[in-house]
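Heads up: the sequence shown is residues -25 to -1, 1 to 236, going by mature numbering (1 follows the signal peptide of the UniProt record, and there is no 0). Beta carbons are placed, not taken as given, at the ideal position from N, Cα and C, and that holds for glycine. These numbers were taken from a predicted model, which means no experiment stands behind them.
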Amino acid sequence: MMTILNTKFVFLFLLSCVYFYANLSQSVSWFGPKKIYKCHCDNGCEKNGSCSQNGVCQKGWFGFKCQYQDLATIENVIPNPELDNLTDRNDSTCLDQQYQELNITWNRTYVFTWLRIVVNDTTLIPYINIEFTSPSHPSQNLTCDNKRLYLVNQQTLDIKCDVTGEIQSVLISGAGVKSICSLYINGEYQDRLKHFILQGRGPGPEYFSYNDTSDRGEPIYTVLDVSKTIVSNVTIIATFDCSGKFVTLCEVEIYGGIWVK
């Protein structure tokens, strides 16, 4: 996969942001402006994205018009018997009254955005505590900073908070845990651009090339052409197997001067 940028700069300075990928799949139903939203309803969608025939969200999706992926049900989650009851889409199957702690762990990291819980006793909501674990902070749990609570209906609560970095576990504790009947967790699988090739070519035989060899990947890359090659286009090539995947460059900036004969 490659991205081509036209330019007439003498030398090159590149600022490249986060790269992440997702699987592309065909669907019989898309909606919204320019058909950018995929239908995730079990019975298909109306033109406005609502589920047809009083349908519900497919397993693994939830929220407004089923547009939020549920990390509690994906294949990367570590099996947990208690989690099975909370992800069966049946709000009448709740945790056993003895539970005061719930641990949801994945075998990779994610960026947490928000979670939704359905409870059978709203008086216990204040007694639900949320923390996170992260490989970047192995000695202490991350707290749910700037917690915001949104009551969707009498039993459903959305919880949003600020978390620094990527997480690997969600820890829910307190006396209110035993009231939880359903759980949904939203987040993103995020990775870094790495092992890419950046090339600058001009009208002549000279060209500039940069090959990234980092296995870690960086959120920002700065590439400088010290030889000040005259280029008319810049090409960024992702060297991974891009079958069914796409690359998003958040920002690319190129600095230089106009070549004057």
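Residue i - DSSP class collapsed to helix/strand/coil
i     : result
V138  : coil
V145  : strand
Q73   : coil
C14   : coil
L(-2) : Because the pLDDT at L(-2) is just 37, under 50, the model does not fix this residue reliably, and the value given afterwards should be weighed accordingly. Coil at L(-2), not helix or strand.
N55   : coil
G38   : coil
N232  : The sequence as given places Gly at residue 232; Asn does not occur at that position. If DSSP states are grouped into helix, strand and coil, G232 belongs with coil.
N161  : strand
V209  : strand
T97   : helix
L199  : strand
S184  : strand
Q28   : helix
V86   : strand
K122  : strand
G7    : coil
Closest Cα partner of residue i within the set the options
i    : options              : result
F37  : L77, T97, G162, I53  : G162
P113 : G140, V206, D66      : G140
L77  : C14, S157, R83, T98  : S157
Q129 : I49, V93, Q143, Y74  : V93
K9   : N23, V31, D17, N18   : N23
R83  : G19, I142, Y12       : I142
F87  : P56, R176, S144, C32 : S144
D187 : S202, P180, H170     : H170
D133 : N29, W5, G232, F39   : F39
C41  : P56, E57, E21        : E21
Cβ-Cβ distance between residue i and residue j below 7 Å
i           : j    : result
W81         : V52  : yes
T214        : Q174 : no
G151        : L99  : yes
S109        : L117 : yes
Y85         : L61  : no
F107        : V138 : yes
residue 246 : D59  : Residue 246 cannot be examined here, being either before or after the span of the chain that is shown, -25 to 236.
S25         : G19  : no
R64         : Y159 : no
I105        : C119 : yes
V206        : G177 : yes
G30         : C16  : yes
I147        : I172 : no
Neighbour-count burial assignment, residue i, 16 or more Cβ in a 10 Å radius
i           : result
Y182        : exposed
R123        : exposed
Q44         : buried
Y230        : exposed
K34         : exposed
residue 247 : Look at the range of the chain in this structure, -25 to 236, and you will see that residue 247 is not part of it.
T68         : exposed
E228        : exposed
E226        : exposed
I11         : exposed
Y125        : exposed
C-beta neighbour in chain E for residue i, strict 7 Å
i   : result
T48 : Considering every chain present, this structure includes no chain E. It has just one protein chain.
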